[in-house]
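In the working numbering, the protein residues as written are 25 to 792.
Think of the CB as a built atom: it goes at the ideal place given N, C-alpha and C, for glycine as much as any other residue.
Some notes on the structure that comes next.
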């Protein structure tokens, strides 16, 4: 019988961090070593050893060694080996420990990755260069020392782009930008401003990762994982599904590409986690890691592949013991909580989630009184639910349903001594999932933050505004709430001065615009104060402002990318800018319905030239935001003489409106961009005087914000005001009326229309 002293030893370098997930990974790695009869010893920084007692308790011994200094760790291990404590396996589960693991394995002449290979993959630009040199698809990237170098890269490449740290984790500091004006804000998000950073071309495609293990020095894929991320500008993963629900041939191509890339990068030991995009042009490789993926993938894999012991497989391979890789026979999914930022007032539904029989792991670190700062990197996560299910689709849906069933009530964190002033101001924020995912050319949206501003007098609501903030459009809900509350208190102090009820409101909002207050905050405040002024005057807002009565609002039916197109005669607004545009356009040939095509700046010159014959044959009523380069607009207008070309993205001021009218001949006005009705009215008046095409648009917004915007419908040629159908339970109808005689902001009235009525024609389906 082998004595304990002579049993082989696992040296786990770097242990685990203080994060729950990292502790769980380290404990599993130690337990699977002990189950194989290995002695175990763990190293870590002294304070982290103290802060992770579960890890030290699972190990046979522990030493305080700085793993962030690979040479020091290798020297310590060599001295220990010379004293008779020589490990048989050197391993690490943390990203930051991988260089120390490689250096130590080399010093002890044990299996491990070459230190140079580990340094290469941990330096993102070096890894990109190595993969490109080996013939793998890579986005263009540049290491920048300052903003000037970044701007030079932007000027010489096609956007959008991604700004990120050169060496980082958890998507911290990673931000998408679509314009050079967004660069300073993105740079301000970097964790370290004084070190070089990366800027690279944004890759548009579905994201996956590949999980695997090296056996005998060769990579073996265990599973392909589908990723779900929050909409840009941030790139925080909100969920994973394993195995990915993709065709077998696609899975095989991904596996072949990844294993070839790992070989080219000279990796041969331990575990791997490789990220990639599946684009219209093929597979584009992303980051490469010599460790298992985060996001509780280490819990998902053993469930989907029953019998798998992830870390034990590595130990068995090093020790020459038999290894077996089971096949996937089930599925698993992880979903993270993404509550709105603010102080937590209440959490409901959590007990039911954690007791669900399909839950493999659950945690929630947010309770009443806690302040949530937002969700911009993996470090901002407050909890997760991991579930198992028979199929990937069932696992994904269950995880999402369980997370969505937990309801967070939060309140904005405000300055404690602020004088509220008359009238009393109340701002609330609520995160709400959409009724279905909404996809356009450059993002997928699944949740919005609903912000409500109420003006109270004697405890009663005297005026109310409500908007939805979406981070994909750069709208930060908590920041808007704070701005709106401060602005509302300022406007409240003067809103009743003078005989004209609108003038002091307009003046306060114009000062706020000059001071840089966001358009979304200004719109929310404008809504509440104009609602109050109209109620006091006993008239609807449209009449208070001298607008034409809105009457019946006929809608376009918006079809996001990837959704089925209804062919029942209703006017259609088709979202384009994806890989499938040519097929979608061909499917519309012969459709007997008014067509509006919206590419959201998704086309470049090559796309336009390729699609021009189809667009010309379709002769749409409107072509919205077709291209990124405004220099292409004259040629597009000449090719489509009967089509109104309008600009939307970036049209946020009267000056922008003038440019849109001059360059394209039309514009789409969205109140959330302009800051409300008052500045939008200036833009529409100018467009009308120049005979331009005018569209009234929206984001994904609550019904009250839609009804507020609809008061301008009488000044526009088209109304694209259906964004509330994704935010509320209102029936998705082709048109509606406003109760335009009631004081204040009108409410939407759907008349006698019922969603169960079949479409016979568009006009027949309209409410009476």
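C-alpha distance - residue 481 paired with residue 448, whole-angstrom precision: Position 457 of the chain shown, counted from the first residue, corresponds to residue 481. Position 424 of the chain shown, counted from the first residue, corresponds to residue 448. Answer to the nearest angstrom: the Cα atoms are 6 Å apart.
Same chain, Cβ closer than 7 Å to residue 210, neighbours up to 5 away in sequence not counted: Here residue 210 is taken as the residue at index 186 of the chain shown, counted from 1. Cβ within range, chain order: 187, 199 and 201.
Residues that DSSP places opposite residue 692 in a beta bridge: Counting from 1 along the chain shown, the entry for residue 692 is found at position 668. Within the DSSP bridge table, the entry for residue 692 names 719 as partners.
Local conformation of residue 736 per DSSP, three classes: The residue you call residue 736 lines up with position 712 of the chain shown. Annotated three-state conformation of residue 736 is coil, per DSSP.
Buried versus exposed, by CB contacts within 10 Å (16 or more), residue 74: The residue you call residue 74 lines up with position 50 of the chain shown. Label assigned to residue 74: exposed.
Per-residue burial, residue 743 [other beta carbons within 10 Å of its own, 16 or more giving buried]: The count along the chain shown starts at 1 and reaches residue 743 at position 719. Counting every other CB atom within 10 Å of its CB across the protein chains shown gives residue 743 a total of 16 or more, marking it as buried.
Per DSSP, cross-strand counterpart(s) of residue 168: In the chain shown, residue 168 corresponds to position 144, counting from 1. Partner(s): 221.
Residue 636 - partner residues in DSSP beta bridges: Start at 1 with the first residue of the chain shown, and residue 636 comes out as number 612. Note: residue 636 sits in no beta bridge, so no partner.
Proximal residues to residue 20 (C-beta, below 7 Å), its chain only, five neighbours per side dropped: What the structure shows of the chain is the stretch from 25 to 792, and residue 20 is not part of that stretch, so it cannot be assessed.
Top-ranked residue by Cα proximity to residue 760, from 299, 581 and 174: Within the chain shown, the letter at position 736 stands for residue 760. For the set 299, 581 and 174, the Cα lying nearest the Cα of residue 760 is the one of 581.
Own chain partners of residue 554 with C-beta closer than 6 Å, once the 5 adjacent residues on each side are dropped: Position 530 of the chain shown holds residue 554. Answer for residue 554: 565, listed in chain order.
Beta-carbon proximity check, residue 451 vs residue 508, cutoff 7 Å: Within the chain shown, the letter at position 427 stands for residue 451. Within the chain shown, the letter at position 484 stands for residue 508. Judged by their CB atoms, residue 451 and residue 508 are nearer to each other than the 7 Å cut-off.
contact_flag[the region 724 to 741, the region 692 to 710] where n(CB pairs < 8 Å) is 3 or more: By the C-beta criterion, the region 724 to 741 is judged to be in contact with the region 692 to 710, since at least 3 inter-stretch pairs fall below 8 Å.
Beta-carbon spacing of residue 116, residue 241 below 7 Å: Along the chain shown, one-based indexing puts residue 116 at 92. Along the chain shown, one-based indexing puts residue 241 at 217. In this structure, the beta-carbon distance from residue 116 to residue 241 does not fall below 7 Å.
Per-residue burial, residue 521 [other beta carbons within 10 Å of its own, 16 or more giving buried]: Taking the first residue of the chain shown as 1, we reach residue 521 at position 497. Residue 521 comes out exposed.
Three-pair Cβ contact test at 8 Å for the region 603 to 610 versus the region 765 to 773: These segments do not touch.
Helix, strand or coil at residue 658 [DSSP, three-state]: Residue 658 sits at position 634 when you count from the first residue of the chain shown. Correct three-state label for residue 658: helix.
Residue from 334, 364, 542 and 126 with nearest C-alpha to residue 700: The sequence position of residue 700 within the chain shown is 676, counting from 1. Closest option to residue 700, Cα to Cα, is 542.
Residue 317 and residue 56 closer than 7 Å at C-beta: For the purposes of this step, residue 317 is taken as the residue at position 293 of the chain shown. For the purposes of this step, residue 56 is taken as the residue at position 32 of the chain shown. Going by C-beta atoms, residue 317 is not nearer than 7 Å to residue 56.
Burial state of residue 103, where buried means 16 or more other Cβ atoms lie within 10 Å: If you number the chain shown from 1, residue 103 lands on position 79. Exposed, since its Cβ has fewer than 16 Cβ neighbours within 10 Å.
Heavy atom of the ligand HEM within 6 Å of residue 687 beta-carbon: With respect to the ligand HEM, the structure offers nothing, as it holds no ligand at all.
C-alpha gap between residue 51 and residue 184, whole angstroms: Within the chain shown, the letter at position 27 stands for residue 51. Within the chain shown, the letter at position 160 stands for residue 184. Using only the alpha carbons, I get a separation of about 41 Å.
For residue 424, the three-state DSSP class (helix, strand or coil): In the chain shown, residue 424 corresponds to position 400, counting from 1. If DSSP states are grouped into helix, strand and coil, residue 424 belongs with the helices.
Pairwise C-alpha distance: residue 519 and residue 484: Mapped onto the chain shown, residue 484 falls at position 460. Mapped onto the chain shown, residue 519 falls at position 495. In this model, residue 484 and residue 519 are separated by some 18 Å (Cα to Cα).
Pair within 7 Å by beta-carbon distance, residue 620 and residue 599: To locate residue 620, count along the chain shown from 1; it is residue 596. To locate residue 599, count along the chain shown from 1; it is residue 575. No, the Cβ-Cβ distance between residue 620 and residue 599 is not below 7 Å.
Own chain partners of residue 47 with C-beta closer than 8 Å, once the 5 adjacent residues on each side are dropped: If you number the chain shown from 1, residue 47 lands on position 23. Once the five neighbours on either side are set aside, the close Cβ partners of residue 47 are 40, 41, 76, 78 and 79.
Closest Cα partner of residue 626 within the set 471, 650, 94 and 684: Translated into positions along the chain shown, residue 626 becomes position 602. It is 650.
Limits of the beta strand (DSSP E) - the one that residue 243 falls within: Here residue 243 refers to the residue found at position 219 when the chain shown is read from its first residue. Counted as a single uninterrupted DSSP element, the beta strand (DSSP E) harbouring residue 243 occupies residues 242 to 253.
Residue 455 burial status per 10 Å Cβ neighbour count (16 or more: buried): On the chain shown, position 431 is the one that residue 455 refers to. It counts as buried.
C-alpha gap between residue 747 and residue 127, whole angstroms: Walking along the chain shown from the start, residue 747 turns up at place 723. Walking along the chain shown from the start, residue 127 turns up at place 103. Approximately 56 Å, taken between the alpha carbons.
Coarse secondary structure for residue 320, derived from DSSP in three states: By 1-based counting over the chain shown, the position of residue 320 is 296. Note: residue 320 maps to coil in three-state DSSP.
Bridge partners - residue 705, DSSP secondary structure assignment: Here the question's residue 705 lines up with position 681 in the chain shown. None, per the DSSP bridge assignment.
As assigned by DSSP and simplified to three states, the class of residue 31: By 1-based counting over the chain shown, the position of residue 31 is 7. Looking at residue 31 - three-state DSSP - the assignment turns out to be coil, as it is neither helix nor strand.
Burial state of residue 713, where buried means 16 or more other Cβ atoms lie within 10 Å: In the chain shown, counting from the first residue as 1, residue 713 sits at position 689. Around the beta carbon of residue 713, fewer than 16 other beta carbons sit within 10 angstroms, so the residue counts as exposed.
Contact check, residue 204 vs residue 302, beta carbons under 7 Å: Taking the chain shown and counting its residues from 1, one reaches residue 204 at position 180. Taking the chain shown and counting its residues from 1, one reaches residue 302 at position 278. Cβ atoms of residue 204 and residue 302: not closer than 7 Å.
Pair within 7 Å by beta-carbon distance, residue 293 and residue 135: On the chain shown, residue 293 is found 269 positions in, with the first residue counted as 1. On the chain shown, residue 135 is found 111 positions in, with the first residue counted as 1. Yes, the Cβ-Cβ distance between residue 293 and residue 135 is below 7 Å.
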